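With positions in the sequence shown counted from 1, the corresponding number in my numbering is that position plus 4.
Yeah, the Cβ is synthetic: ideal placement off N, Cα and C, and Gly gets one too.
Since this is a predicted model, take the numbers as computed values, not measurements.
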Amino acid sequence: MIERFGHDKIRLVECPVCGIDLRNKRVSHHVASHRPSEFGLSPQGVIQ
Ligand SMILES: [Zn+2]
């Protein structure tokens, strides 16, 4: 799901929600198209 490149860099190469290959996409744009809850995250400020 993440790929190491270089000495200390990693990047997302596959979307954890829909599994799409992100290597040739803008990861931030794609990830922003999902909701936080789809990543198993709580809304900001909510602790569960
Ligand atoms: Zn996705």
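Local Cβ density within 10 Å of residue i, reported as buried at 16 or more and exposed below that
i   : result
C19 : buried
L26 : buried
Beta-carbon spacing of residue i, residue j below 8 Å
i   : j   : result
I24 : V17 : no
V21 : H38 : yes
heavy atom of ligand 3 below 7 Å from residue i C-beta
i   : result
V31 : Of the ligands one can find in the structure shown, namely ligand 1, none is ligand 3.
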